[in-house]
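The structure appears right after this line, and notes come after that.
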Amino acid sequence: AGGDGGAARAGRWAGGGLRARVRSAGGGGRVLGLGAGGGGGLLVPPLPGVSLGQKRAGTKALLASGARSSEMNLVRTHLSTAKGGGVAAAAYPARVVSLIISDVPGDDPAMIASGPTVAPRGTSQDALEVLDRRGIAFTADVHQAIASVSGRGRVTPGRLERATHGALAAPPPPWGAHP
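Using the working numbering, read the sequence shown as starting at 13 and increasing by one per residue.
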């Protein structure tokens, strides 16, 4: 979804289209979602004021800096309208149930597919601190876009109160570990 051609267009449509579809569920509606590792790559719509090219360049710079996966997710989540609870917030007040296939140790739902139906881990300020610590120089307008989504971002906790999730599958424990 991060390419320049059809995949990028499909990713923009998928993320934006998904949010539009779940909005139509309404107050008495229900939304059933399936999330899996790698799904965050299809949820690419950036925040207003941030271009897809800027988001892509920042992701590449984070990778090159040696950022941990948790740091990558934190920044990408705070650059997106769909990640970090954005899909569940768009569906509110509908009930959202997400079934998740985990590909991450610890099965943290905020890390799987960038957590479209759960609150993000960390704040917009935390995301800016990662950029600073890793020496990632976004333009001033991108920093402002991230900073303008105060606290946990564009997702207020009340908009996630009707969202639940459960794990369908998770990676096996490492060799020698006992469940």
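We put the beta carbon where it would ideally sit given N, CA and C, even for glycine.
Assignment of alpha helix (DSSP H) within the segment 93–156, counting only whole runs of 4 or more residues, yields 98–103 and 136–145 in chain order. Here T176 is exposed. Its C-beta has fewer than 16 other C-beta atoms within 10 Å. G70 is the residue among A103, G70, A94 and T93 whose C-alpha sits nearest the C-alpha of M84.
Separation of G47 and Q137 (C-alpha to C-alpha, rounded to the nearest whole angstrom) is 27 angstroms.
V167 is not a Cβ neighbour of A106, given a cutoff of 8 angstroms.
For the pair Q156 and G118, the Cα-to-Cα distance works out to about 33 angstroms. DSSP places V87 in the uninterrupted alpha helix (DSSP H) bounded by S81 to H90. By a beta-carbon distance limit of 8 angstroms, L140 contacts A159. Their separation comes to about 6 angstroms.
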